[in-house]
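Step one of this worksheet: look at the structure below.
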C-alpha cells in the first residue's frame, strides 16, 4: 500500500460532514486505525454523528503547533498502528499563523508525501473555501496528489513534487539582520563562550528555563556543524524580533542542501540529518539559506 493524500475543498458544515463522515466510516469498515484531527466546530459535529466508536478525536488547535513535531506525531500513529492501516482526517488551523509560519505549514503538507509515501494510510485534508485565504487554497492544490473539489475527484494535475515545492519555499530573499543585532565570532572548537552568550541573551529577553536550554542546544548544534563543514569566518548574531528571540549562525562556505534537509524524521541518531532535524524540533522556526554568499541558519524561539 502507498499513501492516499487528498485535499478536500468544502463549502460549509453540511458539505464537510457529507464527505468526512463516510471517509471515517470507511476506515472503521476496513479495520483501520481511525483518527479525526479537526478544528471546532467540525470536531464536535463529527463526534455527534459518529460517536466514540473506536475513533480518536483530536483538536487541531493542540495538534498543529509545530510542523516537524506534527510530522513526528503522525509518524508515531502510523508506526504503533501497524500492521493495520491508518485512516485520517487532517484539518490544520490556518488562521492563527503569520506569513512565515504559514509557509512552513504549506511545506509540511508537501512533506507528508515524502515521509509517508510508502505508508498504508489514507489522509483527507479539508479546506474551507468560505474562510481560508486564497493562497492557502491555491497551495493545497500543489501539495496533494489527489483532489476532491466541485466537479473533480481524483488525480490532481496541479500537484508539485515536494523537492520542487520546498525549493520554491526558500526562493525568497533572506531578510536583513537589524542594525542593532549583537555579534559573537565563532573561531574555536570550544563552544562554551557561545553557549554562555546565548544563555545570557535568552535570560535577558525573558525566555523560560526550558525554552532557553532548547535554544542554547540548537545554536550549539548549528555552530558545531558550521565549524566542521563551513568556511571561516563564522559568526553568531542575536536580536529580538517581536515576541521572539532570533539567533543566526553564518559562515562563508557554499552549500547546496536539499529543500528537505532537516524536515524528514530520521530512523536513528546515527542517520545523516539527525542534528538539523533535532534543531528544528527545539526551536519554533528554522530558516536555512545557502548560496554563493555563504550559509545562513536562522533560528527563532518565541518568548
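Numbering (the numbering used here), first residue to last: 2 to 304.
Where is the CB? At the ideal position from N, CA and C, for every residue including glycine.
Worksheet item: With 16 as the cutoff for other CB atoms within 10 Å, does residue 105 come out buried or exposed?
Response: Counted from its first residue, the chain shown places residue 105 at position 104. Under this definition residue 105 is a buried residue.
Discussion item. Runs of 4 residues minimum, wholly inside the stretch 77-130: which ones carry the alpha helix (DSSP H) assignment?
Written reply: 100-116
Discussion item. Bridge partners for residue 36 per DSSP, in chain order?
Written reply: Along the chain shown, read from residue 1 onward, the residue named residue 36 stands at position 35. In the DSSP output, where bridge partners are listed per residue, residue 36 has 57 and 89.
Item to complete: Put residue 6 into one of helix, strand or coil per three-state DSSP.
Response: Position 5 of the chain shown holds residue 6. DSSP places residue 6 in strand when its eight states are reduced to three.
Fill in: Cβ separation of residue 260 and residue 167, assumed to be a contact under 8 Å, to the nearest whole Å
What you label residue 260 is simply residue 259 of the chain shown in a count that begins at 1. What you label residue 167 is simply residue 166 of the chain shown in a count that begins at 1. That pair is a contact at about 3 Å.
Fill in: Neighbour-count burial assignment, residue 231, 16 or more Cβ in a 10 Å radius
If you number the chain shown from 1, residue 231 lands on position 230. Flag for residue 231 reads buried.
Worksheet item: Can you list, in chain order, the residues of its chain whose CB lies under 7 Å from that of residue 213, leaving out five sequence neighbours each side?
Response: To locate residue 213, count along the chain shown from 1; it is residue 212. Answer for residue 213: 200, 203 and 204, listed in chain order.
Worksheet item: What are the boundary residues of the alpha helix (DSSP H) that residue 307 is part of?
Response: There is simply no residue 307 to check, as the chain begins at 2 and stops at 304 in what is shown.
Item to complete: Determine the closest residue to residue 42 out of 185, 262, 13 and 160, with distance taken between C-alpha atoms.
Response: If you number the chain shown from 1, residue 42 lands on position 41. Measuring from the Cα of residue 42, the nearest candidate turns out to be 13.
Discussion item. Within 10 Å of its beta-carbon, does residue 6 have 16 or more other beta-carbons around it, so buried, or fewer, so exposed?
Written reply: The count along the chain shown starts at 1 and reaches residue 6 at position 5. Flag for residue 6 reads buried.
Item to complete: May I have the straight-line CA-CA distance separating residue 215 from residue 153, to the nearest angstrom?
Response: The sequence position of residue 215 within the chain shown is 214, counting from 1. The sequence position of residue 153 within the chain shown is 152, counting from 1. When rounded, the distance between both Cα atoms is 46 Å.
Fill in: Pairwise C-alpha distance: residue 11 and residue 142
Taking the chain shown and counting its residues from 1, one reaches residue 142 at position 141. Taking the chain shown and counting its residues from 1, one reaches residue 11 at position 10. If you take the alpha carbons of residue 142 and residue 11, they lie about 13 Å apart.
Fill in: Residue from 234, 9, 267 and 87 whose Cα sits closest to the Cα of residue 30
Taking the first residue of the chain shown as position 1, residue 30 is located at position 29. Of the listed residues, the one whose Cα sits closest to residue 30 is 87.
Fill in: Simplified DSSP state of residue 142, which is helix, strand or coil
As a first step, residue 142 must be located in the chain shown, where it is residue number 141. Of the three classes helix, strand and coil, the one that applies to residue 142 here is helix, per DSSP.
Worksheet item: Residue range of the beta strand (DSSP E) that residue 49 falls in?
Response: To locate residue 49, count along the chain shown from 1; it is residue 48. It is not in any beta strand (DSSP E) - residue 49 instead sits in the alpha helix (DSSP H) that spans 43-51.
Worksheet item: Once you ignore the five residues that flank residue 17 on each side, which residues in its own chain have a CB closer than 7 Å to its CB?
Response: On the chain shown, position 16 is the one that residue 17 refers to. For residue 17, where only same-chain residues beyond five positions count, the Cβ hits under 7 Å are 11, 43 and 127.
Discussion item. In the DSSP output, what is residue 293 paired with across the bridge?
Written reply: Here residue 293 refers to the residue found at position 292 when the chain shown is read from its first residue. DSSP, once it has assigned bridges, lists no residue as partnering residue 293.
Item to complete: On a CA-only basis, which of 124, 28, 125 and 241 is nearest residue 181? Give me that one, please.
Response: Position 180 of the chain shown holds residue 181. Comparing Cα-Cα distances from residue 181 to each of 124, 28, 125 and 241, the minimum goes to 241.
Practice prompt. Name the two residues that bound the continuous beta strand (DSSP E) containing residue 280.
Written response: Position 279 of the chain shown, counting from 1, holds the residue named residue 280. Segment 275-283 is the alpha helix (DSSP H) holding residue 280; no beta strand (DSSP E) there.
Discussion item. Short of 6 Å in beta carbon distance, which residues of its chain neighbour residue 82, apart from the five on each side in sequence? Order them along the chain.
Written reply: The count along the chain shown starts at 1 and reaches residue 82 at position 81. Excluding residues within five positions, the ones whose Cβ falls inside 6 Å are 34.
Worksheet entry | Cβ-Cβ separation, residue 183 to residue 238 (assumed contact under 8 Å), whole Å | In the chain shown, the residue the question calls residue 238 occupies position 237. In the chain shown, the residue the question calls residue 183 occupies position 182. Right, their Cβ atoms sit about 7 Å apart.
Worksheet item: Buried or exposed: where does residue 281 fall if 16 or more other Cβ atoms within 10 Å of its Cβ makes it buried?
Response: If you number the chain shown from 1, residue 281 lands on position 280. Buried is the call here.
Worksheet entry | Residue range of the unbroken beta strand (DSSP E) whose run includes residue 149 | As a working note, residue 149 is residue 148 in the chain shown. It spans 147-150 - the beta strand (DSSP E) in which residue 149 sits, taken as one unbroken run.
Item to complete: Could you name the residues of the same chain whose beta carbon sits closer than 7 Å to that of residue 79, not counting the 5 residues immediately before and after it, in chain order?
Response: Sequence index remark: in the chain shown, residue 79 carries index 78 (1-based). Excluding sequence neighbours, residue 79 sits near 87, 117, 120 and 122.
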